[in-house]
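Undergrad:
Numbering (the working numbering), first residue to last: 120 to 511.
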C-alpha cells in the first residue's frame, strides 16, 4: 500500500459489494455508510473533478445476485448485473444458522459448509471479470480447525487455498482464532482486524460509573489461548490481568472436544473488583459459565462477558439462568455473525455494531490506501481511557 491518503486517491476500480444472503442486514448498513461518506467527500473535493467519474458516488453498491437451489439441494450462483472491471468485495457469515433452503420438500438449515460453497459459487459466477476480488469472512471458515495434531484435516488452510486459487486476492477476517493460519497463503493478502477499541468503547459508554483503575478493574482471559488479547486490553487500560487455566482430559473426546475436568484462576486478588472477560468466541457457553463461577468464588463484583462471535451453539437459554444467579452483569458480542432476536431483546445483552468499521475498511481499500489508521486501535483506546480518568 502507498502512503497516499483517502482524499488524494482515486478508487482502484468501481466499487461493488456482494452481501451474501446471511449478511443482508449488515450489508445494507455498510452500503448506507459508504454512500454517505462518499457524498461528504465529494463536497470537500470540488477542486478535483476526477472524483466526479461515473459510479464513484451512487445510491447502491450492492450487487444483485441469487443462490437458488434445486429440490435435491444442489445449488448455483447467479449474478444479475455486470461486474466487469470492478473492485468486488464479498461478505459472508459462515456460521449463520438462521438461513434455510428447501430440500426434498423439507426446510434445511444451512451449515457452514453450505455457506462456504455458496461463496465459491458467487466467485465462479464472476467468471474472472472483476479487477480484484476481496472476501470478507468475519468468522473465518473452519478457523478452529487450523492445526494438525494427529491424522486429521486442515480445513481452514485448505479453504483459503481454494479461494486464492479461484482468484481471490485478499481474505479479511476479524479476531482470527489463530492468526498463524495465514501461513497457508503466504503470497496472498490476509488481514486480521481486531475489535478491541469497539468493545472497550461500548462497555465504557454503557457503564459511565465504571472506574478504570488497577484497584477496581481486572481483565481476564478464559484460557491460555486468549492471553495475548487479555494482555493487550489490560496494558492499554492500565489494569491487572489474569487467566483461567483449563485442565482437559485428553484421553477422550466428548461432542468433538476434549472435556474440561477442572478450572483454576491465575492472577491477583479479585475481591470487590469488576472483571472484563475477553475471548474471540462464545461457542456452547460452558467455558464462560465456568469462568464466571470461578471469578465469583474469588469475590469479583460485576462480570462483563465479551466475545467477538456469539455462536451459542447450544442456544442462548442458559444466559437467563446465569444472569438470575448473578454470574455475570452484562454480555457483549458483535453483529459480525447472526444474533437471534430473542437475545437482542435481553436487558443484559449488548450487540456491538461493527458495520461502520467494515465500511471504512472497504472504502479505504477501494481507494488503494493504507488501512493502518483504521486497524490500529491503540491510540484511540488510550485517548478513551485518558478521557474517562479525566472525567473523574
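Beta carbons: idealized from backbone N, C-alpha and C, even for Gly. Keep in mind that this is a model prediction, so the values were computed, not measured.
DSSP on residue 324, reduced to helix/strand/coil?
TA: Looking at residue 324 - three-state DSSP - the assignment turns out to be helix.
Undergrad: Give the DSSP-derived three-state secondary structure of residue 358 in the structure shown.
TA: Three-state result, residue 358: coil.
Undergrad: So who's on the other strand from residue 495, going by DSSP bridges?
TA: According to DSSP, residue 495 bridges with nothing at all.
Undergrad: Once you ignore the five residues that flank residue 278 on each side, which residues in its own chain have a CB closer than 7 Å to its CB?
TA: Once the five neighbours on either side are set aside, the close Cβ partners of residue 278 are 235, 260 and 261.
Undergrad: Pull the bridge partners of residue 401 from the DSSP assignment, please.
TA: Looking at the DSSP assignment, residue 401 forms a beta bridge with 429.
Undergrad: Label residue 141 either buried or exposed according to how many other C-beta atoms from any shown protein chain fall within 10 Å of its C-beta, with 16 as the threshold for buried.
TA: Buried: at least 16 other Cβ atoms inside 10 Å.
Undergrad: Can you give me the C-alpha to C-alpha distance between residue 449 and residue 467, rounded to a whole angstrom?
TA: Between residue 449 and residue 467, the C-alpha separation is close to 5 Å.
Undergrad: Just the Cα atoms here: how many angstroms apart are residue 135 and residue 490?
TA: Answer to the nearest angstrom: the Cα atoms are 19 Å apart.
Undergrad: Output needed for residue 389: all residues of its chain with C-beta closer than 7 Å, excluding positions within five of it in sequence on either side, in chain order.
TA: Correct list, in chain order: 337, 414, 417, 418 and 419.
Undergrad: Figure out for me which residue from 300, 208 and 248 has the closest Cα to the Cα of residue 482.
TA: If we check each option's Cα against that of residue 482, 208 comes out closest.
Undergrad: Please say whether residue 352 and residue 360 have beta carbons closer to each other than 9 Å?
TA: It is a contact, given that the beta carbons lie within the stated cut-off.
Undergrad: Between the segment 273 to 292 and the segment 302 to 313, do three or more beta carbon pairs fall short of 8 Å?
TA: Yes, they touch.
Undergrad: For residue 121, which of helix, strand or coil comes out of DSSP?
TA: Its pLDDT being 49, under 50, residue 121 is placed unreliably by the model, and nothing is read from it.
Undergrad: Can you list, in chain order, the residues of its chain whose CB lies under 6 Å from that of residue 409, leaving out five sequence neighbours each side?
TA: 382.
Undergrad: Using the Cα positions of residue 238 and residue 183, report the straight-line distance between them to the nearest angstrom.
TA: Going from the Cα of residue 238 to the Cα of residue 183 covers about 14 Å.
Undergrad: With C-beta atoms as the reference, is residue 517 less than 9 Å away from residue 499?
TA: Given that the chain is displayed from residue 120 to residue 511, the structure contains no residue 517 and the question cannot be resolved.
Undergrad: Mind checking residue 434: buried by the 16 CB within 10 Å criterion, or exposed?
TA: Under this definition residue 434 is an exposed residue.
Undergrad: With burial defined as no fewer than 16 other Cβ atoms inside 10 Å of the residue's Cβ, what is the status of residue 328: buried or exposed?
TA: That one is exposed.
Undergrad: Within 10 angstroms of the Cβ of residue 121, are there 16 or more other Cβ atoms? Answer buried if so, exposed if not.
TA: Residue placement at residue 121 cannot be trusted, given a pLDDT of 49 that sits under 50; what the coordinates show is reported in the next sentence. Answer is exposed; the Cβ neighbour count stays below 16.
Undergrad: Kindly indicate which three-state DSSP category residue 223 falls into: helix, strand or coil?
TA: Three-state DSSP puts residue 223 in coil, outside helix and strand.
Undergrad: Report the rounded CA-to-CA distance for residue 150 versus residue 485, giving the unit in angstroms.
TA: C-alpha separation (whole angstroms): 14 Å.
Undergrad: Out of 371, 369, 333 and 440, which has the shortest C-alpha to C-alpha gap to residue 393?
TA: The shortest C-alpha separation from residue 393 is found at 333.
Undergrad: Ignoring anything shorter than 3 residues, give me the beta strand (DSSP E) runs that lie fully in the segment 246 to 288, in order along the chain.
TA: 251 to 255, all fully within the segment 246 to 288.
Undergrad: Among all the DSSP beta bridges, which residues are the ones paired with residue 449?
TA: Bridge partners of residue 449: 423.
Undergrad: Return yes when the Cβ of residue 457 is within less than 9 Å of the Cβ of residue 212, no when it is not.
TA: Yes, Cβ-Cβ distance for residue 212 and residue 457 is below 9 Å.
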